[in-house]
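Colleague:
2 protein chains.
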Amino acid sequence: MATALKLKAFDLGKQASAGDVIYDALRDAIIRGEIEEGEPLRQDTIAQMFNVSRIPVREAMQRLEAQGLVLSERYKGVVVASLSHDQITEIFQFRALVEPTVIELAVPLMSEESLKAAQHYCDAFAAETDPLRWGDLNRDFHTALYKDSDKKFFLTMIDKTNDLVERYVRLVLYLTQGMRSAIEEHQAILDACKARKPELAAELTRQHIDQAGKALVGYLRDHHR
Amino acid sequence: MATALKLKAFDLGKQASAGDVIYDALRDAIIRGEIEEGEPLRQDTIAQMFNVSRIPVREAMQRLEAQGLVLSERYKGVVVASLSHDQITEIFQFRALVEPTVIELAVPLMSEESLKAAQHYCDAFAAETDPLRWGDLNRDFHTALYKDSDKKFFLTMIDKTNDLVERYVRLVLYLTQGMRSAIEEHQAILDACKARKPELAAELTRQHIDQAGKALVGYLRDHHR
DNA sequence: ATATTGTAGATTGGATACAATTATGCAAAC
DNA sequence: GTTTGCATAATTGTATCCAATCTACAATAT
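Residue numbers (my numbering), protein chains in the order written: chain A, 28 to 252; chain B, 28 to 252.
1) Relative to the alpha-carbon of residue 201 (chain B), which residue among B:50, B:53, B:49 and B:60 has its alpha-carbon at the smallest distance?
2) Please determine if the segment 228-237 of chain B and the segment 206-218 of chain B are in contact, where contact requires at least 3 C-beta pairs separated by less than 8 Å.
3) Do we get a CB-CB distance below 9 Å when we pair residue 37 (chain B) with the residues of chain A?
4) Would you report the Cα separation of residue 42 (chain B) and residue 101 (chain A), rounded to the nearest angstrom?
5) I'd like the span of the alpha helix (DSSP H) that includes residue 244 (chain B), first residue to last.
6) Would you report the Cα separation of residue 193 (chain A) and residue 52 (chain A), rounded to the nearest angstrom?
7) Among residues of its own chain, excluding the 5 on either side of residue 37 (chain B), which ones have a beta-carbon nearer than 6 Å to its beta-carbon?
8) Kindly indicate which residue of A:135, A:166, A:137 and A:144 has the alpha-carbon position closest to the one of residue 209 (chain A).
9) Check the Cβ of residue 232 (chain A) against every Cβ in chain B and list those closer than 8 Å, keeping chain order.
10) What are the complete alpha helix (DSSP H) segments, minimum 4 residues, inside the segment 66-131 of chain A?
11) Residue 203 (chain A) and residue 148 (chain A) - do their beta-carbons sit closer together than 9 Å?
12) When you compare the CB of residue 125 (chain A) with every CB in chain B, is at least one pair closer than 9 Å?
13) What's the gap between the Cα of residue 70 (chain B) and the Cα of residue 182 (chain B)?
14) What does residue 44 (chain B) reach in chain A if we use C-beta pairs closer than 9 Å?
15) Closer than 9 Å, CB to CB, is residue 146 (chain B) near chain A or not?
16) May I ask you to report which of helix, strand or coil DSSP gives residue 46 (chain B)?
17) Determine, for residue 90 (chain B), whether the minimum Cβ-Cβ distance to residues of chain A falls below 9 Å.
18) Indicate whether the contact test is met: 3 or more Cβ pairs, each with one atom in the segment 127-137 of chain A and one in the segment 91-99 of chain A, closer than 8 Å.
19) Where does residue 63 (chain B) sit, in a helix, a strand or coil, going by DSSP?
20) From residue 55 (chain A) to residue 159 (chain A), what does the alpha carbon distance come to, in whole angstroms?
21) Can you give the Cα-Cα distance for residue 226 (chain B) and residue 238 (chain A), rounded to whole angstroms?
22) With 16 other CB atoms within 10 Å as the buried threshold, where does residue 72 (chain A) fall?
23) At which residues does the alpha helix (DSSP H) containing residue 134 (chain A) begin and terminate?
24) Determine the DSSP secondary structure at residue 204 (chain A), reduced to helix, strand or coil.
25) Since residue 157 (chain A) is in the alpha helix (DSSP H), which residue starts that stretch and which ends it?
26) Report the neighbours of residue 184 (chain A) on chain B: residues whose CB is nearer than 8 Å to its CB, in chain order.
27) Just to check my reading of the structure: residue 108 (chain A) and residue 98 (chain A) have Cβ atoms closer than 8 Å, yes? What is that Cβ distance to the nearest angstrom?
28) Taking a cut of 8 Å between CB atoms, which residues from the segment 162-182 of chain A lie near chain B?
29) Just mark residue 2 (chain B) as buried or exposed, buried being the case when its beta carbon has 16 or more other beta carbons within 10 Å.
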């Protein structure tokens, strides 16, 4: 038998098509709030931006619509979706139900690496001065806490809710200059995880999301958005 | 002034494109289990079925992939997704968390019409002799109970979970000749709604989903699927 | 001045055609 | 009999072109 020759296997992932790239780029721009609500996305314009035809652009847009990030009307075009205060409230209600469950399941499985990563994002969030980075670090923190739960479907759903409200979260983080209370709440949740107290972590997460949701809608209301 | 001539306004909804029609048809066939797991869906073949080009077919497939109903690989094609027992278990865990919450919110808002509709579907389910109809009636029943909750996002999520597991639910309803225990559980949930007892309806729903999930995975295991 | 109609441009949905990549069948070599 | 190499077919990804429809504005009628 020949010596077992091991070739290094690069994980290229599914080779990305133009449609995939465009989808990612548009999704990113939308959830970051770089495109105004209600702003139309013209197939032609975007196709030229990426130097491709309209076909992959249309496919990307259909996926964005399925994800709820844009609304499309025949012969009129696609516009960036906007959420009413009620819709935002409902999404936070959903998160307040799902995320505590996930963290409760995750705590017993949480690796030291994940805890360290979460602490890193928590500190980085507190230290970050660029408002545009707060959104990412906030999301990274929560993701680090959830991922060891090994509940892929739950995580997919949570990602979806994050995508939908992220532009508003970012806006409010900006308006409130970072929401210092969030930092303390993050640390408290993380401490509960480190102490391996699933129920406590779940309850603190529930309160955190509840607070964040109410604060967010409150600020939006005050600023007439 | 001329007499006010009122033209009847038909609500055509968003005018359906070929892609929409194909998406609906494929989704339906997949969740009903009319296409085998892992079976490839060829763009060309399906385009011919509908007498269209591959463009709208591709768009439909991309949406199916976003919904999690198919898997796509570049230059290889799209295959109907199959779920592992673990994945099915997780989805039922998710439903057992979300659906009780929704019914609890719905009970106080539930109209007499909705209660009547639910009773109708419940009876129809019990009386139905055609196994192929059980899946629909089961879903109609639950939908009737949830819709007055006025929580669109929750309902969308529930719909998604239903889409993903429906083919398995149908299979097991078939194998078990209708699961008589489900009928009693349905009636108990409905009675709790009629009595306007939100917490009871929620708890019964949780138990019902839990049972159904465990029964489903158990049957699948026994039948090596 | 206001309402209606007509027309040109803009925009999307889809068909056809072609390029890139993978799967398949078959002959040759081991 | 099994494996390897290559030519061919099958299949997907994208570009280009056309049809259907909407929008905006000018022209006309009231």
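Every residue, glycine too, gets a C-beta built ideally from N, C-alpha and C.
Modeller: Looking at the coordinates:
1) B:60
2) yes
3) Here residue 37 (chain B) scores only 38 on pLDDT, less than 50, and its place in the model is too uncertain to base an answer on.
4) 7 Å
5) 225-249
6) The alpha-carbon atoms of residue 193 (chain A) and residue 52 (chain A) are separated by roughly 15 Å.
7) Residue placement at residue 37 (chain B) is poorly supported in this model, since its pLDDT is 38, which falls under 50; the coordinates are not used for a value here.
8) A:166
9) Under the 8 Å cutoff, chain B gives no residues; its nearest Cβ is about 14 Å from residue 232 (chain A).
10) 70-77 and 81-94
11) no
12) yes
13) The alpha-carbon atoms of residue 70 (chain B) and residue 182 (chain B) are separated by roughly 31 Å.
14) Chain A residues near residue 44 (chain B): 101.
15) With its beta carbon at least 9 Å from every one in chain A, residue 146 (chain B) lies outside the interface.
16) helix
17) yes
18) no
19) Look at residue 63 (chain B) here: in three-state DSSP terms it is coil, with no helix or strand label.
20) Distance between the alpha carbons of residue 55 (chain A) and residue 159 (chain A): 13 Å.
21) 25 Å
22) exposed
23) From DSSP, residue 134 (chain A) is part of no alpha helix (DSSP H); its letter is neither H nor E.
24) coil
25) Careful: residue 157 (chain A) lies outside any alpha helix (DSSP H) and carries neither H nor E.
26) Chain-order list of chain B residues neighbouring residue 184 (chain A): 121 and 184, by C-beta distance under 8 Å.
27) 5 Å
28) 178, 179, 180 and 181
29) There is no way to answer for residue 2 (chain B), as the model of chain B reaches only from 28 to 252.
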